[in-house]
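According to UniProt numbering, the sequence shown is numbered sequentially starting from 1. Using N, Cα and C, we set each Cβ at its ideal position, and we do this for glycine too. Report on the structure given below.
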Amino acid sequence: MTSWGGGGNGLTVYNYVILILAILSMMKPWKTALLFLADVLLFNLLLPYFPDPAGLNHTYNNLMNSLFLSLVAIGIATSLYNSRIQSKKDEITIRRQYQQIEAANKILSKEALTDALTGIQNRNSYKKAIRTLTQPDTLSLACVYIDVNGLHEINNHLGHKAGDVMLKTVAAILLKNFGRESVFRIGGDEFVVLCRDVLHQTVTENLEDVRQAVERAGYSISVGLEWREEGLDINEIIQAAETDMQMRKEEYYSAQGGERQQRSLDSQMERVITEKRDAERFLRVLAPVFKGVYFVNLETDTLRRIFIPSYFEKMLEESRDSFSKALLMYANRMVEPEYVRLFEQFCDYGNLEMMLDGDEIPGFTYQKRDGSRLKLRVLRCNSYFSSSQETLWIFSDMEESY
1 MTSWGGGGNG LTVYNYVILI LAILSMMKPW KTALLFLADV LLFNLLLPYF
51 PDPAGLNHTY NNLMNSLFLS LVAIGIATSL YNSRIQSKKD EITIRRQYQQ
101 IEAANKILSK EALTDALTGI QNRNSYKKAI RTLTQPDTLS LACVYIDVNG
151 LHEINNHLGH KAGDVMLKTV AAILLKNFGR ESVFRIGGDE FVVLCRDVLH
201 QTVTENLEDV RQAVERAGYS ISVGLEWREE GLDINEIIQA AETDMQMRKE
251 EYYSAQGGER QQRSLDSQME RVITEKRDAE RFLRVLAPVF KGVYFVNLET
301 DTLRRIFIPS YFEKMLEESR DSFSKALLMY ANRMVEPEYV RLFEQFCDYG
351 NLEMMLDGDE IPGFTYQKRD GSRLKLRVLR CNSYFSSSQE TLWIFSDMEE
401 SY
């Protein structure tokens, strides 16, 4: 076609237009085919209105040429569309992989700086903090050096799990009083708290709260403290606090004596054996009714097991023995969604304490995803006010009786 109405082998304006549209088109293949074939039809319907100057009839040639060219254009447009779509998919895939790599790096970085057992900052974080703690405008620095007394003996006599619970409890108490940014676990039974621009009175008051909370939990710590406004060499401050701690530790063991320490361990072993015997009796008689019974310390978010199902044991391991985290995990995985809000309210310990101050026993009934209905009740223990914020959580089956 050499003109709108003529034939021949040359390219017409139509040829150029149709090829340019094919190259620029971003339409889906079926839309491109529909448009181009409609264009061929329209083009051939209009040709009789533009006769050849020489009077020749090129209708057949024009139809075949325009149809062939449109098919070629459809092929070009489809190929380019698929190429662009694939390129976009590759771009999205690369971006997603990059995001996954970034997320993995963040997780690895966090694990490298976090103690796996207690969830607080580890020795790597501690070394990093030492390098950056002192600033030109620093007014004071303090170091609290803590050693947990009796970890080795507890591990030997009661097992490493009991020792782990002790370390987690101490870590939770330190976090509550000094904050996540200041607390580090630097060794097996050693913790360090680094404070910048904190008043001496504030540090000592927080430290006293820590001592009392640790004692209420049934453990003991040796503590060294160094606070300075002058000579702010962080390494000297840490060394002085560690020396102070070692002196307190020697005083502790001298005062305790081997016999008294052994009596304390014997008492703990007797309590463990008694609890185990009580649990066995409980399993024989009341297991069909009670689906979980725990003593939970609201102050440290730790628990003593009376009766615990295997699935909740696994959730506690995932949550690093944080009762509230494990309970929310249980609610989201095993409880009907409309009841999850009730568990969230009870895991807000400030809110729960207000409910415990009321006249009625806090509790609610809920349904699990397997259709069973359970009731949760929370009661104060006798020692709730005097020694610790320990509570009794009872999960009972509504369809069983005893």
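Find out if the Cβ-Cβ distance for the pair L175, V165 is shorter than 8 Å.
For this step, residue 175 is matched to residue 175 along the sequence shown. For this step, residue 165 is matched to residue 165 along the sequence shown. No, the Cβ-Cβ distance between L175 and V165 is not below 8 Å.
Is it buried or exposed for N122, if we count other Cβ within 10 angstroms and need 16 for buried?
The residue labelled residue 122 in the question sits at position 122 within the sequence shown. N122 is buried by the Cβ-count criterion.
Span separating the alpha-carbon of N149 from that of V170
Mapped onto the sequence shown, residue 149 falls at position 149. Mapped onto the sequence shown, residue 170 falls at position 170. A direct Cα-to-Cα measurement between N149 and V170 gives close to 11 Å.
Can you pull the DSSP bridge partners for E226?
For the purposes of this step, residue 226 is taken as residue 226 along the sequence shown, with counting starting at 1. Partner(s): C143.
Give every residue of the same chain whose Cβ lies closer than 6 Å to the Cβ of W393, excluding the five residues on either side of it in the sequence, and list them in chain order.
Within the sequence shown, the letter at position 393 stands for residue 393. Same-chain partners within the cutoff: Y294, V296, V378.
Cut-off 8 Å between Cβ atoms - residues of its own chain near I221, not counting five sequence neighbours on either side:
Taking the first residue of the sequence shown as position 1, residue 221 is located at position 221. I146, D147, V148, N149, V170, V210, R211, V214, listed in sequence order.
Assign E390 to one of two classes, buried (16 or more other C-beta atoms within 10 Å of its C-beta) or exposed (fewer than that).
Position 390 of the sequence shown holds residue 390. By the 10 Å Cβ count, E390 comes out buried.
Rounded separation between T78 and K28 - CA only
Position 78 of the sequence shown, counted from the start, is the residue given in the question as residue 78. Position 28 of the sequence shown, counted from the start, is the residue given in the question as residue 28. Spanning the alpha carbons of T78 and K28 requires a straight line of approximately 7 Å.
Straight-line gap, I306 to K291 (C-alpha atoms, nearest Å)
Residue numbering aside, residue 306 sits at position 306 when the sequence shown is read from its first letter. Residue numbering aside, residue 291 sits at position 291 when the sequence shown is read from its first letter. Per the coordinates, the alpha-carbon of I306 lies some 11 Å from the alpha-carbon of K291.
By DSSP, does L303 sit in helix, in strand, or in coil?
Stepping through the sequence shown from its first residue, residue 303 is reached at position 303. The answer is strand: DSSP assigns L303 an E or B state.
With respect to the alpha helix (DSSP H) encompassing D115, which residues constitute its N-terminal and C-terminal limits?
Position 115 of the sequence shown, counted from the start, is the residue given in the question as residue 115. Counting along the chain, D115 falls outside any alpha helix (DSSP H), and DSSP gives it neither H nor E.
I'd like to check one pair, F343 with L356: are the Cβ atoms closer than 8 Å?
Reading the sequence shown from its first residue, position 356 is the one you call residue 356. Reading the sequence shown from its first residue, position 343 is the one you call residue 343. At the C-beta level, L356 and F343 stay beyond 8 Å of one another.
Apply the 10 Å Cβ neighbour rule to A172 and answer buried if 16 or more other Cβ atoms are within range, or exposed otherwise.
Working through the sequence shown from its first residue, we reach residue 172 at position 172. With 16 or more other Cβ atoms within 10 Å, it is buried.
Mind checking which residues open and close the beta strand (DSSP E) that includes T365?
Against the sequence shown, residue 365 aligns to sequence position 365. DSSP places T365 inside the beta strand (DSSP E), whose first and last residues are 363-367.
Have a look at S87, L225, P136 and flag the residue whose alpha-carbon is nearest the alpha-carbon of E208.
To locate residue 208, count along the sequence shown from 1; it is residue 208. When only C-alpha atoms are compared, the closest one is L225.
T169 by DSSP, collapsed to three states: which one?
Position 169 of the sequence shown, counted from the first residue, corresponds to residue 169. In the structure shown, T169 sits in a helix (DSSP, three-state: H, G or I).
Sequence-distant residues of the same chain with beta carbon closer than 8 Å to N351, five excluded per side:
On the sequence shown, position 351 is the one that residue 351 refers to. Spatial neighbours of N351 in its own chain (CB-CB distance under 8 Å, excluding positions within 5 residues in sequence) are listed in chain order as Q345.
Roughly how many whole angstroms lie between the Cα atoms of V144 and G187?
Numbered from its first residue, the sequence shown carries residue 144 at position 144. Numbered from its first residue, the sequence shown carries residue 187 at position 187. Answer to the nearest angstrom: the Cα atoms are 14 Å apart.
In this structure, does DSSP put G231 in helix, strand or coil?
For the purposes of this step, residue 231 is taken as residue 231 along the sequence shown, with counting starting at 1. Reduced to three states, the DSSP call for G231 is coil.
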